[in-house]
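In what follows, a structure is listed as structure tokens, so that the remarks can point back to it.
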Amino acid sequence: MARPGKGNIGRNRLDMTGFTINPRLDATELAASFARHGRLQLRDFLAGDAAERLHANLRAREDWRQVFNAGEKVMEIDRAGQASLPPEKRRELDNSIHAAARYGFQYRYETIRVPDDAASRQESDDPVAALVSWLSQDEARDFLRAVTGADDIAFADGQATAYSPGDFLTAHDDAVEGKNRRAAYVFGLTPKWRTEWGGLLLFHDGEGNVERGFAPALNTLNLFRVPSLHSVSEVTRAAGFRRYSVTGWLRTGSPG
67 MARPGKGNIG
77 RNRLDMTGFT
87 INPRLDATEL
97 AASFARHGRL
107 QLRDFLAGDA
117 AERLHANLRA
127 REDWRQVFNA
137 GEKVMEIDRA
147 GQASLPPEKR
157 RELDNSIHAA
167 ARYGFQYRYE
177 TIRVPDDAAS
187 RQESDDPVAA
197 LVSWLSQDEA
207 RDFLRAVTGA
217 DDIAFADGQA
227 TAYSPGDFLT
237 AHDDAVEGKN
247 RRAAYVFGLT
257 PKWRTEWGGL
267 LLFHDGEGNV
277 ERGFAPALNT
287 LNLFRVPSLH
297 SVSEVTRAAG
307 FRRYSVTGWL
317 RTGSPG
């Protein structure tokens with residue numbers, strides 16, 4: 067996939083026909099494991115090179131927006147806004163974000179969102195939207211229904227995420243009234259990673275212990291039941307790359 071120029075958002079359309087589930091994955095076997103543990107990590111989820119192409123696309127793009135929590139509001143800053151912040155303002159913002167994480171829910175990462183409604187997705191030339199649309203239909207949706215045991219899953223929502231050093235997501239369980247979430251997914255698009263770089267998807271028990279942790283990896287689909295208490299550990303300064311993924315929820319009902 068060619069690297070776009072500076073002014074191009076780098077979508078480079080990837081048709082939904084480019085996505086195929088790895089035929090070696092056994093939905094029946096995976097469903098038994100999911101029923102026991104409420105979570106799974108599926109290696110080599112997609113057949114072919116679609117994951118590599120998606121990773122290259124995300125690395126090339128410049129339409130990322132940094133997001134973080136501010137009370138009841140989601141705050142967003144695009145790349146131009148981030149670049150325009152004077153050093154002292156950047157330090158103040160960093161300190162404020164981390165202070166809010168001490169005792170409450172907080173996060174910081176970059177995102178590229180996918181619209182929920184099918185019409186907007188069809189009109190989009192964004193390969194991330196193509197992936198999320200594919201997860202919402204036919205073969206992929208049937209597979210996800212079978213694995214999770216949630217036959218009423220109607221569609222997937224989603225966003226691309228990128229975690230840089232200092233980015234994190236504190237513990238939460240994804241249970242939001244009215245969202246009708248059956249399961250959450252994290253499709254990993256990070257080819258090289260070391261566990262000690264952070265950025266781990268961690269599952270917590272009721273006493274604050276870590277029950278399980280999934281490291282970032284390429285072409286790996288992490289699925290887990292909603293609600294499940296989980297977090298993403300802070301990416302350290304030692305990280306050699308950004309942590310890329312497409313994340314979202316498998317939901318019932320209709321978008322909106």
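Residue 67 is where the sequence shown starts when you use my numbering, and the numbers rise one by one after that.
Ideal Cβ placement from N, Cα and C applies to all residues, glycine included.
Q: For K245, name the three-state secondary structure that DSSP assigns.
A: Looking at K245 - three-state DSSP - the assignment turns out to be coil, as it is neither helix nor strand.
Q. In the structure shown, what three-state DSSP assignment does G147 receive?
A. If DSSP states are grouped into helix, strand and coil, G147 belongs with the helices.
Q: Give the DSSP bridge partners of A206, in chain order.
A: Its beta-bridge partners do not exist; DSSP assigns none.
Q. To which residues of the same chain is F111 closer than 8 Å at the C-beta, ignoring the five residues directly before and after it?
A. Once the five neighbours on either side are set aside, the close Cβ partners of F111 are I87, N88, L91, A117, F253, N285, T286, L287.
Q. Which same chain residues, not among the five before or five after F221, have their C-beta less than 7 Å away from its C-beta?
A. Apart from the 5 residues on each side of it in sequence, F221 sits with its Cβ closer than 7 Å to the Cβ of S202, R317, P321 in its chain, given in chain order.
Q. How is E142 classed by DSSP in three states: helix, strand or coil?
A. Reduced to three states, the DSSP call for E142 is strand.
Q. In whole angstroms, what separates the C-alpha of G274 from that of H103?
A. So the alpha carbons of these two residues sit roughly 18 Å apart.
Q: Let me know the beta strand (DSSP E) ranges lying completely inside the stretch 167-244, each 3 residues or longer, listed in chain order.
A: The qualifying runs are 173-179, 225-229, 234-238.
Q: Look up L266 in the DSSP assignment and say whether it is helix, strand or coil.
A: Looking at L266 - three-state DSSP - the assignment turns out to be coil, as it is neither helix nor strand.
Q. Going by DSSP, which residues form a beta bridge with L108?
A. Residue pairing by DSSP puts L108 in a beta bridge opposite L287.
**Q.** Boundaries (first-last residue) of the alpha helix (DSSP H) holding L124
**A.** Element bounds for L124: 116-126.
Q: Compute the Euclidean distance between the alpha carbons of G244 and F171, then round it to the nearest angstrom.
A: Rounded to whole angstroms, G244 to F171 spans 20 Å at the Cα level.
Q) Near S294, which residues of its chain fall below 8 Å by C-beta distance, leaving aside the five closest residues on each side in sequence? A) Closer than 8 Å at Cβ, skipping near neighbours: G104, R105, D239, D240, A250, F269.
Q.
Between A196, N246, F290, which has its C-alpha nearest G20's C-alpha?
A. Nothing can be reported for residue 20: it is not among the residues displayed for the chain, which extend from 67 to 322.
**Q.** Rounded distance between the beta-carbons of Y173 and L235, thought under 8 Å
**A.** That belief holds up - the Cβ atoms of L235 and Y173 are roughly 4 Å apart, short of 8 Å.
**Q.** Cα-Cα separation between M67 and E176, rounded to whole angstroms
**A.** Caution is warranted here: a pLDDT of 28 is assigned to M67, below 50, making its placement in the model unreliable, and the coordinate value is therefore given only provisionally. If I take the Cα positions, the gap works out to 22 Å.
(Q) Looking only at its chain, what residues have a beta carbon closer than 7 Å to the beta carbon of R278, apart from the 5 residues adjacent to it on each side? (A) Around R278: R105, F269.
Q: Could you tell me the boundaries of the alpha helix (DSSP H) in which F280 lies?
A: Careful: F280 lies outside any alpha helix (DSSP H), inside the beta strand (DSSP E) at 276-280.
Q: Look up F100 in the DSSP assignment and say whether it is helix, strand or coil.
A: Of the three classes helix, strand and coil, the one that applies to F100 here is helix, per DSSP.
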